[in-house]
Structure formats: structure tokens, C-alpha cells
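The numbering of the sequence shown is my numbering, which starts it at 2 and goes up by one.
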Amino acid sequence: MWALIPIKALSGAKQRLSSVLSPCQRQSLARAMACDVIKNVFASTRLEGVLVISDDPEIEKIALDAGCEFLWESNVPEPDLSGLNSAVAQGAAWLNASKIRSMMVIHSDLPLLKTARIDSLVETYPEHPTITIVPDRAEQGSNLLICPVGKVTEGFCFQYGVNSLRRHQIEAQRIGIDFSIVSMPDMQFDIDSPQDLHKLMDSRLLQDDSETGRCLEKICQTALIDYPLEGSSTEQVQSRPLFHEFQQPANVHG
């Protein structure tokens with residue numbers, strides 16, 4: 002099994018955080034999370050290889066420096082696909098041409114991802130063709146997806162986007178392949194909103210040697226956020242530091 006990590010160009014990353022972070026800060030955060038994900042995935046002793054796909058030269062350097070394979074994302078999307086679905090389909094085609102049997106698609110914005118979790122998923126993946134997904138916290142998205150590469154080239158279409166978990170399940174049923182969901186809280190934590198950032202810092206689970214932790218520590222020294230209080234209208238907002246009293250915890254293993 003190989004890992005496939007699709008990464009959006011840093012210049013356009015994390016637009017949904019634009020209300021609280023500057024373009025430079027969003028780019029720095031996206032870079033830091035991508036570095037951590039690449040590092041932790043590459044450290045797996047169960048994966049046979051790691052392929053990063055992007056159209057960003059900075060991501061290319063990060064991937065190659067880490068020891069990964071790199072594939073330039075085509076500016077011409079796959080037929081009937083766009084965005085992330087096209088990038089993953091291109092990566093799957095590369096892996097299929099390389100005779101890889103199965104792949105693990107991993108998002109690059111999972112700051113709590115741990116190598117041990119990757120190894121566990123590889124070890125427990127069944128021999129028969131199966132689509133396995135680790136969803137997001139809302140159990141609507143597909144933060145991590147494992148599938149047989151051959152099934153992708155035989156007609157399975159990726160369904161990343163709104164409600165991708167359910168849509169991937171429907172797609173698996175359409176082509177007659179088993180489908181399973183695995184809950185892993187640390188892998189379910191992606192960063193898409195200001196509230197996600199607060200929850201991440203409140204969790205105190207970032208590794209003390211992570212690029213993401215260092216990036217957020219720098220950002221929280223200056224950033225302010227206006228956001229609706231829980232249960233309030235959008236007009237009722239509170240201003241406070243983006244991350245109050247950031248503290249790195251001791252190493253968390255597991």
C-alpha cells in the first residue's frame with residue numbers, strides 16, 4: 002500500500018480562515034500542516050511508499066526533501082472531475098501504472114495525525130477489495146480513504162466535496178465493493194474554520210516538535226478573531242486573541 006497526499010497550492014490554501022488570518026498566515030499554516038503530515042506519513046513502517054501530488058513548486062521541494070515521490074498535478078482535469086477529485090484520480094493513475102495494489106488518500110490538514118495510526122490502518126486493511134474511510138468530526142467528510150487502486154481505474158469515482166462520506170458510500174455500492182468506516186478522533190480533526198482552530202488549541206494535543214505547533218504559537222502572538230458566540234446571532238460577536246495562552250504540552254504518544 003502507498004499513501005497519496007494531494008496538496009493544494011499554498012497561495013490559495015485555507016480561504017475559509019480569511020476572516021481571522023492574513024494570506025501570509027494562512028499560507029504558513031497550510032505549509033506547516035502539510036510538512037507534519039508528510040513527515041508522519043513517511044515515517045510509517047507499513048507503507049511501501051508515499052506520493053505527493055500538487056501544482057506548487059514549494060510543495061514539490063518539501064515532498065522530495067522528505068523522501069517522497071512527487072507528481073505534478075495536471076492543469077487539465079480528468080474528464081468530469083475537478084479540484085481534489087481530479088488530483089486524486091491523477092495520483093491513482095500514476096500508482097496503477099506503477100503496479101501498486103492499494104492506496105491511502107490522506108488530507109494535508111490533519112495536525113493530530115500520528116504515524117502509529119497509519120500503521121494500524123495498513124495492518125488491519127482487509128485482503129478483499131474494500132473502501133475504508135476515516136471521516137471528519139461531523140462524520141460528513143472523508144479525511145482519509147483507503148481503496149484498491151485497480152477499482153479506481155475500473156470505474157470508482159472519487160466524491161470529495163460536500164457530504165463526501167455518504168457519496169463515497171453510494172459510489173462503493175454502485176460498483177459493488179465493500180465499504181467500512183473507522184473512527185479515529187485524532188485523524189478526524191481537520192482545520193477549516195476559526196472554530197476548528199480554537200478547538201485544536203483547547204485540545205492541547207499538538208506534538209511539541211510539530212511545525213503546526215510552532216506556526217500557531219507565532220500566529221497567536223498577534224492574531225485577533227471576531228466570531229459568533231455559541232448560540233448567538235452573527236451580530237453578537239466577541240473579540241479575543243485567536244489562541245489564548247498558547248502552551249505546548251509534553252509529548253503525547255499513541
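The beta-carbon is built from N, C-alpha and C at its ideal position, and this holds for glycine as well.
- For M185, the secondary structure class from DSSP, reduced to helix, strand or coil, is coil.
- Annotated three-state conformation of P58 is helix, per DSSP.
- Each residue's CA atom was taken as its position, placing D37 and P112 some 7 Å apart.
- Rounded to whole angstroms, the separation of the alpha carbons of R175 and I39 is 32 Å.
- Around the beta carbon of W73, fewer than 16 other beta carbons sit within 10 angstroms, so the residue counts as exposed.
- The residue among G142, P58, I132 and F190 with its C-alpha nearest the C-alpha of E172 is I132.
- DSSP, read as helix, strand or coil, puts A33 in helix.
- When DSSP states are grouped into helix, strand and coil, P149 belongs to the strand group.
- Pairing G68 with P7 gives a Cβ-Cβ distance that is not under 8 Å.
- In the three-state DSSP reduction, G92 falls in the helix class (H, G or I).
- Ranking P136, I107 and P186 by CA distance to the CA of M2 puts I107 first.
- Here L72 carries a strand assignment [DSSP, helix/strand/coil].
- The shortest CA-to-CA distance from S181 to any of P130, M188, L65 and I192 is the one to P130.
- By the neighbour-count definition (other C-beta atoms within 10 Å, threshold 16), P195 is a buried residue.
- Taking the C-beta atoms as reference points, L11 is found nearer than 8 Å to E59.
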